[in-house]
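This report concerns only the one structure given below.
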Amino acid sequence: MLTDIQQICTDIQRIRTKVPLVHNITNFVVMNNTANALLAIGASPVMAHALEEVEDMAALASALVINIGTLNTEWVAAMELAMRTAKSRHIPIVFDPVGAGATPFRTNTSLHLLELINPSVIRGNASEIMALAGAQIQTKGVDSAANNNEAATAALTLAQRYSCSVCASGAVDFITDGKRTTLTSNGHPLMPRVTGLGCSASALTGAFCAVNQDYFAATVHAMAVLGICGEIAAHQSNGPGTLQLHIIDALYNLTDAQIETYLKMETRPA
Amino acid sequence: MLTDIQQICTDIQRIRTKVPLVHNITNFVVMNNTANALLAIGASPVMAHALEEVEDMAALASALVINIGTLNTEWVAAMELAMRTAKSRHIPIVFDPVGAGATPFRTNTSLHLLELINPSVIRGNASEIMALAGAQIQTKGVDSAANNNEAATAALTLAQRYSCSVCASGAVDFITDGKRTTLTSNGHPLMPRVTGLGCSASALTGAFCAVNQDYFAATVHAMAVLGICGEIAAHQSNGPGTLQLHIIDALYNLTDAQIETYLKMETRPA
Amino acid sequence: MLTDIQQICTDIQRIRTKVPLVHNITNFVVMNNTANALLAIGASPVMAHALEEVEDMAALASALVINIGTLNTEWVAAMELAMRTAKSRHIPIVFDPVGAGATPFRTNTSLHLLELINPSVIRGNASEIMALAGAQIQTKGVDSAANNNEAATAALTLAQRYSCSVCASGAVDFITDGKRTTLTSNGHPLMPRVTGLGCSASALTGAFCAVNQDYFAATVHAMAVLGICGEIAAHQSNGPGTLQLHIIDALYNLTDAQIETYLKMETRPA
Numbered sequence: 042m043l044t045d046i047q048q049i050c051t052d053i054q055r056i057r058t059k060v061p062l063v064h065n066i067t068n069f070v071v072m073n074n075t076a077n078a079l080l081a082i083g084a085s086p087v088m089a090h091a092l093e094e095v096e097d098m099a100a101l102a103s104a105l106v107i108n109i110g111t112l113n114t115e116w117v118a119a120m121e122l123a124m125r126t127a128k129s130r131h132i133p134i135v136f137d138p139v140g141a142g143a144t145p146f147r148t149n150t151s152l153h154l155l156e157l158i159n160p161s162v163i164r165g166n167a168s169e170i171m172a173l174a175g176a177q178i179q180t181k182g183v184d185s186a187a188n189n190n191e192a193a194t195a196a197l198t199l200a201q202r203y204s205c206s207v208c209a210s211g212a213v214d215f216i217t218d219g220k221r222t223t224l225t226s227n228g229h230p231l232m233p234r235v236t237g238l239g240c241s242a243s244a245l246t247g248a249f250c251a252v253n254q255d256y257f258a259a260t261v262h263a264m265a266v267l268g269i270c271g272e273i274a275a276h277q278s279n280g281p282g283t284l285q286l287h288i289i290d291a292l293y294n295l296t297d298a299q300i301e302t303y304l305k306m307e308t309r310p311a
Numbered sequence: 042m043l044t045d046i047q048q049i050c051t052d053i054q055r056i057r058t059k060v061p062l063v064h065n066i067t068n069f070v071v072m073n074n075t076a077n078a079l080l081a082i083g084a085s086p087v088m089a090h091a092l093e094e095v096e097d098m099a100a101l102a103s104a105l106v107i108n109i110g111t112l113n114t115e116w117v118a119a120m121e122l123a124m125r126t127a128k129s130r131h132i133p134i135v136f137d138p139v140g141a142g143a144t145p146f147r148t149n150t151s152l153h154l155l156e157l158i159n160p161s162v163i164r165g166n167a168s169e170i171m172a173l174a175g176a177q178i179q180t181k182g183v184d185s186a187a188n189n190n191e192a193a194t195a196a197l198t199l200a201q202r203y204s205c206s207v208c209a210s211g212a213v214d215f216i217t218d219g220k221r222t223t224l225t226s227n228g229h230p231l232m233p234r235v236t237g238l239g240c241s242a243s244a245l246t247g248a249f250c251a252v253n254q255d256y257f258a259a260t261v262h263a264m265a266v267l268g269i270c271g272e273i274a275a276h277q278s279n280g281p282g283t284l285q286l287h288i289i290d291a292l293y294n295l296t297d298a299q300i301e302t303y304l305k306m307e308t309r310p311a
Numbered sequence: 042m043l044t045d046i047q048q049i050c051t052d053i054q055r056i057r058t059k060v061p062l063v064h065n066i067t068n069f070v071v072m073n074n075t076a077n078a079l080l081a082i083g084a085s086p087v088m089a090h091a092l093e094e095v096e097d098m099a100a101l102a103s104a105l106v107i108n109i110g111t112l113n114t115e116w117v118a119a120m121e122l123a124m125r126t127a128k129s130r131h132i133p134i135v136f137d138p139v140g141a142g143a144t145p146f147r148t149n150t151s152l153h154l155l156e157l158i159n160p161s162v163i164r165g166n167a168s169e170i171m172a173l174a175g176a177q178i179q180t181k182g183v184d185s186a187a188n189n190n191e192a193a194t195a196a197l198t199l200a201q202r203y204s205c206s207v208c209a210s211g212a213v214d215f216i217t218d219g220k221r222t223t224l225t226s227n228g229h230p231l232m233p234r235v236t237g238l239g240c241s242a243s244a245l246t247g248a249f250c251a252v253n254q255d256y257f258a259a260t261v262h263a264m265a266v267l268g269i270c271g272e273i274a275a276h277q278s279n280g281p282g283t284l285q286l287h288i289i290d291a292l293y294n295l296t297d298a299q300i301e302t303y304l305k306m307e308t309r310p311a
């Protein structure tokens with residue numbers, strides 16, 4: 042646990058020092074707060090989706106974050122192109138299958154992209170992870186409707202199938218690379234009432250992968266950090282409106298001492 | 042009035058219990074705060090605009106909200122497809138003609154969609170409602186430049202033409218289904234200085250329609266609730282920046298007692 | 042300096058009285074806070090990008106703001122059309138080359154549009170202004186990586202090449218029309234940690250150009266005002282999350298006395 046705390050603090054220090062460029066092809070709903078979460082932790086966000094420039098932008102970046110929250114065919118083509126560029130340059134790729142399971146278009150697009158290019162990390166809620174693993178689950182829009190045990194099995198399946206790390210997030214986040222498994226349980230019940238905090242989690246995972254080549258550890262650290270900041274922010278908030286901005290402030294102000302005080306994680310055999 | 046209070050509280054309770062999925066095809070400016078307003082009141086928002094999935098998503102939803110605030114031809118096709126699906130499945134449709142009257146494209150698109158598929162509710166500001174009714178009015182961008190008496194006449198015209206409920210919102214909201222008319226006058230002068238609160242009103246109307254088949258009443262309830270939350274939030278705010286987030290908090294924390302304290306509405310013969 | 046203060050106050054008063062319509066074709070990340078910044082200062086924002094309506098909307102507007110932050114080919118065509126309309130009607134055009142220098146698509150698109158239609162004002166960070174002037178500079182995403190002396194030379198080059206005012210913004214904003222030069226140095230180090238404040242600066246410049254035909258002075262005034270509001274807001278903020286909304290409140294509440302207290306600007310020979 043002490044090692045974990047130290048490693049998280051080291052990653053944050055590296056992000057703040059290196060200011061890694063994180064290239065996001067993400068959804069319209071969350072672009073603003075995704076950018077603000079990345080700036081707050083110390084990274085440099087850029088959003089670019091045009092076919093004419095995604096290869097150039099991905100090549101400049103230290104991490105690529107792909108999020109299908111408001112996808113259409115043209116954006117999917119840009120995602121594919123950016124992922125190919127990142128893959129060929131060994132730039133880490135985080136994939137967020139927002140709403141997979143809700144419509145065939147989202148599920149099929151996710152599986153299509155994952156088959157073409159293995160990402161470094163897949164992060165979704167329980168429903169989304171289960172939908173990609175082929176479990177019989179109907180996602181209700183973009184909010185999760187599944188329980189964590191089934192999601193853990195699905196996460197392991199995906200981790201092995203795509204040789205990547207997988208995070209099924211929820212009250213407890215289940216994170217595995219098929220060999221190692223960690224559960225992080227920071228966070229607050231008010232967090233799902235703010236739109237796009239899952240998307241922020243994926244973007245932050247990109248920032249951590251940009252400075253830590255152990256992408257499994259980077260994912261664990263990002264999930265822990267967002268959960269801790271959610272807890273800190275919830276103490277100062279009267280509802281989801283104030284929570285959203287206090288999380289940004291908390292990411293900006295996060296100290297080693299706070300990580301030590303708040304961190305709740307558990308390592309398990311996979 | 043006591044009955045009205047009780048019905049509003051019942052609707053809110055139903056939203057919080059059923060967590061209805063509200064499918065939004067809306068504009069880029071307001072997607073984030075629309076999603077947050079829906080989450081705050083207790084609904085589950087989803088944004089999806091791709092032709093490949095709007096039918097699937099609309100079919101899953103308990104309400105469809107169409108908002109033309111940053112329309113283009115491709116999005117209009119998706120709106121039409123989603124509206125057809127919702128109509129055939131008796132899912133309530135709320136239509137928000139943002140900027141109708143400002144450009145022929147917005148006016149004509151609105152009329153085209155309304156002629157094809159009668160929505161359950163049309164909600165716009167006075168200028169927009171008048172533009173759709175054919176009044177000689179030049180909308181100034183997306184902000185209203187009309188007075189309420191003329192808008193009331195226009196709202197009645199639209200309600201009868203499209204057999205739906207119509208809300209012409211403003212300092213006083215005029216709501217009619219052609220037979221019944223209610224005026225709600227909650228709200229605060231600072232509210233028009235926050236972008237997209239009209240769009241939030243339309244989205245919340247979708248949430249109320251999802252739990253109350255009397256769409257006229259659902260519209261009245263949504264307008265009253267947003268107005269009340271605006272008043273509560275204004276007491277805590279120093280300007281439009283803080284107002285925006287306190288409204289979200291107020292929607293989340295809204296109690297029956299607050300509704301009883303604040304509600305200002307008046308029923309008139311149509 | 043006294044004259045400057047008076048002129049800034051006069052411009053703000055005019056914006057609040059005339060409520061000029063500012064037509065924005067801008068990026069997805071900042072649309073919401075751009076609209077809120079414009080509403081807070083007293084202008085009326087509209088976002089419209091469809092080829093079917095940009096000419097109509099630009100013709101209604103008192104200023105056009107073009108921002109390439111999340112451009113693609115279709116949007117560039119709309120930008121060109123809107124710029125042609127504004128130019129032919131003598132409506133001021135503010136151009137924000139977000140990310141120029143980061144990818145050839147952004148640099149080339151910016152130069153293409155600038156060659157076709159001289160804007161009234163170009164506002165970018167140091168890297169972007171240098172990239173457009175042909176300096177050998179690699180922009181890192183959308184954040185600046187250049188120093189101010191080189192940017193000043195580049196700004197002068199662009200001002201003369203395109204017969205317009207140019208602002209290279211940073212801790213000190215360098216503003217020139219090729220003949221006059223002013224440096225404004227209001228602001229706060231936390232401001233670059235909020236996404237899109239540069240974009241807000243461009244949008245506010247549009248609002249000031251709408252009421253002041255001396256576009257050089259209008260640009261100076263807009264940069265000073267946003268910087269002052271950033272300083273005021275920073276005193277009340279715990280991080281970039283709260284800063285963002287307090288800036289909106291500060292724009293709304295800004296008084297002549299605050300401008301007199303805070304204004305830091307210096308006029309130099311060009």
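Residue numbers (this note's numbering), protein chains in the order written: chain F, 42 to 311; chain D, 42 to 311; chain B, 42 to 311.
Virtual Cβ for every residue (Gly too), placed ideally from N, Cα, C.
Check                                                                                                                    : Outcome
Delimiting residues of the alpha helix (DSSP H) encompassing residue 307/B                                               : Note, residue 307/B: premise wrong, no alpha helix (DSSP H); beta strand (DSSP E) at 306-310.
is_contact[residue 112/F, chain B] using C-beta, thresh 8 angstroms                                                      : no
Spatial distance of residue 278/B from residue 295/F (CA atoms)                                                          : 15 angstroms
Under 9 angstroms (Cβ pairs) to chain D, residues found in the region 267-286 of chain F                                 : 278, 279, 280, 281, 282, 283, 284, 285, 286
contact_flag[the region 64-80 of chain F, the region 112-129 of chain B] where n(CB pairs < 8 angstroms) is 3 or more    : no
Residue-level contact to chain B via CB, residue 70/D, 8 angstroms cutoff                                                : yes
Where the alpha helix (DSSP H) through residue 214/F begins and ends                                                     : Taken as a continuous stretch (DSSP letters only), residue 214/F belongs to no alpha helix (DSSP H), being part of the beta strand (DSSP E) at 214-217.
Contact list for residue 140/F against chain D, beta-carbon separation under 8 angstroms                                 : 87, 89
Outcome for residue 327/B when other beta-carbon atoms lying within 10 angstroms are tallied against a minimum of 16     : Not covered by the structure: residue 327/B. The range shown for chain B is 42 to 311.
Minimum C-alpha distance to residue 139/B - residue among 226/B, 200/B, 70/B                                             : 70/B
Residues within the region 233-244 of chain D neighbouring chain B, beta-carbon criterion of under 9 angstroms           : 233, 234, 235, 236, 237
Interface positions of the region 95-107 of chain D facing chain F (Cβ-Cβ less than 8 angstroms), listed along the chain : 97, 98, 101, 102
Sub-8 angstroms separation of residue 105/F and residue 141/F beta-carbons                                               : no
Boundaries (first-last residue) of the beta strand (DSSP E) holding residue 164/D                                        : 162-166
Which listed residue (211/D, 111/D, 250/D) has its alpha carbon closest to that of residue 268/D                         : 211/D
C-alpha gap between residue 61/B and residue 292/B, whole angstroms                                                      : 16 angstroms
Under 7 angstroms by beta carbon: chain F residues contacting residue 76/D                                               : 70, 236
Contacts that residue 310/B makes with chain F (C-beta to C-beta distance below 8 angstroms)                             : Within chain F, no residue comes near residue 310/B; the closest Cβ sits about 36 angstroms away, beyond 8 angstroms.
Neighbourhood of residue 290/B by C-beta, 8 angstroms cutoff - its chain only, sequence neighbours within 5 removed      : 81, 274
Residue environment, residue 77/B, which counts as buried when at least 16 other CB atoms sit within 10 Å                : buried
Within 9 angstroms of chain D by C-beta, residues of the region 247-260 of chain F in sequence order                     : none
Segments assigned beta strand (DSSP E), at least 3 residues, entirely inside the region 96-145 of chain D                : 104-108, 134-137
Cβ of residue 73/F within 8 angstroms of any chain D Cβ                                                                  : yes
C-alpha distance - residue 201/D paired with residue 162/D, whole-angstrom precision                                     : 12 angstroms
Own chain, CB closer than 7 angstroms to residue 118/F, minus 5 neighbours either side, in chain order                   : 92
Inter-residue Cα distance where the pair is residue 174/F and residue 134/F                                              : 19 angstroms
6 angstroms CB neighbourhood of residue 206/B in its chain, flanking five on each side removed                           : 162, 218, 256, 257, 260
Unbroken stretches of the beta strand (DSSP E), 3 residues or longer, contained in the region 200-247 of chain D         : 206-210, 214-217, 221-225
Close Cβ partners of residue 197/B (< 6 angstroms) along its chain, the five nearest in sequence each way excluded       : 217
Cβ pair residue 89/F, residue 130/F closer than 8 angstroms                                                              : no
Per-residue burial, residue 204/B [other beta carbons within 10 Å of its own, 16 or more giving buried]                  : exposed
Same chain, Cβ closer than 6 angstroms to residue 170/B, five either side skipped, listed in chain order                 : 192, 195, 196, 209
Three-way DSSP call (helix, strand, coil) for residue 279/B in this model                                                : coil
Whole-angstrom distance between residue 155/F and residue 148/F, CA atom to CA atom                                      : 11 angstroms
Same chain, Cβ closer than 7 angstroms to residue 288/F, neighbours up to 5 away in sequence not counted                 : 270, 271, 274
Separation of residue 137/F from residue 223/F, as counted between CA atoms                                              : 19 angstroms
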